[in-house]
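Just so we're aligned: 194 in numbering that gives the first Met the number 0 is position 195 of the sequence shown, and the numbers increase by one with no gaps anywhere. Using N, Cα and C, we set each Cβ at its ideal position, and we do this for glycine too. Here's the structure we're looking at; comments come further down.
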Amino acid sequence: MFVAAVEGRTADGKGNASALDQCLSALEAWGGQLMLGNTTDLHPIHLVQWKSAELGVILSHCHYHYPLLSGLPGISVSALYHYPLHGALIHLREQIYLALSSSDGFTKIPSEMAIVSRLQTLVIHGFEPNERLEGIFCEGIGSKHLTAYFGFTPLQILLAAAKEVQVFGSSNQKEKDVENGRAVKNIVEIIQSCAKTLLEKGARVNMPPPPATRLDRDTPPGCYSLNDAVEEAQSAHVPHVNRDGLNKLDNKQILTLLGGADRLKAPQKFFASLPKSVDSAGTLQFVTSSRDSNAPGGSDDCSCAVCWSEFGLISNRKHLCRASGRYVCNDCSTKRLLENGTEQRITDGLFNLATFEKNSVSGTRKSQVSSRIASACHATSRLDMKSNSVSSCSTSTSDRNRSFLGLGSSSGSSATDKKEQRNLSATERITSAISGLGQAKDAVIERGAKLEGLAEKTEALNNASVDFMNMAKELERQQNSWW
């Protein structure tokens, strides 16, 4: 399966997602599973680069739902697959650096659509938009290369690339050239579009700078340390990312590098305005407890498993993600999954996954309804053709008989007309029934939308009631304390 994912992506010398899917499906039918080739290979997700169609095919043959069936106990899905969201942005940063440092490098930058499509494919499959990279359970140069970004969130890797572009624009004369200036502007647009994509899926701008260690935790077993990774990165063709430069940035500078406060406000508001809960599609399993794990992305009582913020007794309390079984902070778990009428806390990344799967199920049902209506229309069309054929045959036979008897053809026209009317009325009844089905479907969809809006208004009213009750209690407490 690993070789097929790496080498089975082409047909006639060109990338072909359908060929890849057929190749993997054939091997799965014989009991194959898409696992790592050995401890020195990164997951095939990292090899498809910017081809989102092939990436979607590979993910469809992977198990990315908790509980995970392979890897270290307690490992996160991002760490299990070697942080593909981080890897995509690291690859983008390298290509941007090479473009800025060479005369013909601008032509190697992938298109904005290809980059954004890859990021969207990853985030809708549950890879956390705010997870910090903790370690790669793998050996080799590729593992060290990723570990050099220890503690980075995906958006911070993008921010590092934006910082380098800014430095290039202010110190290099190449930007003054019209053609190169246009290329630099294109790079800035790509970075800002990537930031918009991440923010629409719950990424946060106001994250602390990437730390060198996770709170009270050693390097995960089987993973390189940050020092080992930095030594390897310094000898690479692309210099190591400047952590100190990011640590010195304030919030205003960060917003400017990613497109400005006004441009970033819309995608942030988009995620915040999404419904607080999403109906379960039945693919996520729930847990009632968590266990400590020193695996990359593992959970403990001290810090959030996603963003590593330290838990407190009063502020930043720990919460259990009911799907992944990891302790997370409130900022990383703002949404809920609705299961049998009960809301379950899940991380924002798993909320993206649940939303994607719910929409996929709804899309499948709508497709099935449309297919049935199309089949009924096709059957009606065939019935019309058959009725016309029978009517034509009956008419010609009647004419022959009348000619044989020496009678005029007009005398038998009434019987033929009645038969045609019966056939036509049957066709009309079927057409009317199909039209009724379509109207009923539209009415159900409209009623569902109204119920969803009513549920949101009810939730807002409940929240307002709770706020009023808390305000009344606080007022009563202040009055009692005054006396």
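Original post:
What three-state label does DSSP hand Q191 in the structure shown?
Top reply: helix
Original post:
Going by DSSP, what residues sit across from S302 in a beta bridge?
Top reply: E309
Subject >> Buried versus exposed call for P295 [16 or more other C-beta atoms within 10 Å across all chains shown] >> reply: buried
Subject >> Beta-carbon gap between R216 and S302 smaller than 9 angstroms >> reply: yes
Original post:
Helix, strand or coil for Q367 per DSSP?
Top reply: Confidence in Q367 is poor, its pLDDT being 48 and thus under 50, which makes the residue's placement unreliable; the coordinate value appears in the next sentence. Note: Q367 maps to helix in three-state DSSP.
Subject >> Cβ neighbour criterion (16 or more within 10 Å) applied to H236 >> reply: exposed
Original post:
Who are the Cβ neighbours of L254 in its own chain at under 7 angstroms, not counting the five residues just before and after it?
Top reply: V204, A260 and L263
Original post:
Do the region 345 to 359 and the region 123 to 132 make contact, defined as three or more Cβ pairs closer than 8 angstroms?
Top reply: yes
**OP:** Using only alpha-carbon positions, find the residue among S359, Y326 and L248 that is nearest to G73.
**Re:** Y326
Subject >> N-terminal and C-terminal residue of the alpha helix (DSSP H) that L26 is part of >> reply: A16 to A28
Subject >> Coarse secondary structure for I345, derived from DSSP in three states >> reply: strand
Original post:
With H239 and A182 assumed to form a contact (beta carbons below 8 angstroms), what rounded beta-carbon distance in angstroms separates them?
Top reply: Their Cβ separation, rounded to whole angstroms, is 25 angstroms, which puts H239 and A182 out of contact at 8 angstroms.
Original post:
With distances taken from CA atoms, which of R316, E133, L67 and V5 is nearest V286?
Top reply: L67
Original post:
How many whole angstroms separate the CB atoms of A52 and C22, which I take to be in contact at a CB cut-off of 8 angstroms?
Top reply: That belief does not hold up - the Cβ atoms of A52 and C22 are roughly 14 angstroms apart, past 8 angstroms.
Subject >> Rounded Cβ spacing between H85 and I156 (contact assumed at less than 8 angstroms) >> reply: 6 angstroms
Subject >> Span separating the alpha-carbon of Q119 from that of A353 >> reply: 14 angstroms
Original post:
Under 9 angstroms, do I89 and H124 count as touching if we go by C-beta distance?
Top reply: no
Subject >> First and last residue of the uninterrupted alpha helix (DSSP H) at E111 >> reply: E111 to V122
Subject >> Run of the beta strand (DSSP E) containing V566, from where it starts to where it stops >> reply: Since the first and last residues shown for the chain are 0 and 482, residue 566 lies out of range.
Subject >> Reference F167, options I95, S110, R117 and M206, closest by Cα >> reply: I95
Original post:
In the structure shown, what three-state DSSP assignment does K50 receive?
Top reply: coil
Original post:
Do you know offhand how far L154's Cα is from R335's?
Top reply: 23 angstroms
**OP:** Apply the 10 Å Cβ neighbour rule to R290 and answer buried if 16 or more other Cβ atoms are within range, or exposed otherwise.
**Re:** exposed
Subject >> Collapsed DSSP secondary structure at Y326 in the structure displayed >> reply: strand
Subject >> Residue burial classification, R399 (beta-carbon count within 10 angstroms, cutoff 16) >> reply: For R399, the predicted structure reports a pLDDT of 42, less than 50, and the residue's modelled location is therefore unreliable. The matter cannot be settled from this model.
Original post:
Hey, G258 and A194 are a contact pair by Cβ (cut 8 angstroms); roughly how many whole angstroms apart?
Top reply: 6 angstroms
**OP:** Kindly list the residues whose CB is nearer than 6 angstroms to the CB of G134, restricted to its own chain and excluding five residues on each side of it in sequence; keep chain order.
**Re:** P219, C222 and P295
Original post:
With respect to the beta strand (DSSP E) encompassing E338, which residues constitute its N-terminal and C-terminal limits?
Top reply: K334 to E338
Original post:
Going by Cα to Cα distance, which pick from Q165, A98 and V115 is closest to I108?
Top reply: A98
Subject >> CB of L198 within 9 angstroms of CB of P266, strictly >> reply: yes
Subject >> Integer Cβ distance of L484 from P208, believed to fall under 8 angstroms >> reply: Residue 484 falls outside the range modelled here, since the chain spans only 0 to 482, and no answer is possible.
Original post:
From which residue to which residue does the alpha helix (DSSP H) around E93 run?
Top reply: P83 to S100
Subject >> Spatial distance of N293 from D300 (CA atoms) >> reply: 12 angstroms
Original post:
For the alpha helix (DSSP H) that S75 lies in, which residues bound it at each end?
Top reply: Here S75 belongs to no alpha helix (DSSP H), and DSSP marks it neither H nor E.
**OP:** Taking only the alpha-carbon atoms, compute the straight-line gap between N469 and L312 and give it to the nearest angstrom.
**Re:** 21 angstroms
Original post:
Using the C-alpha atoms, what's the distance from C61 back to L26?
Top reply: 13 angstroms
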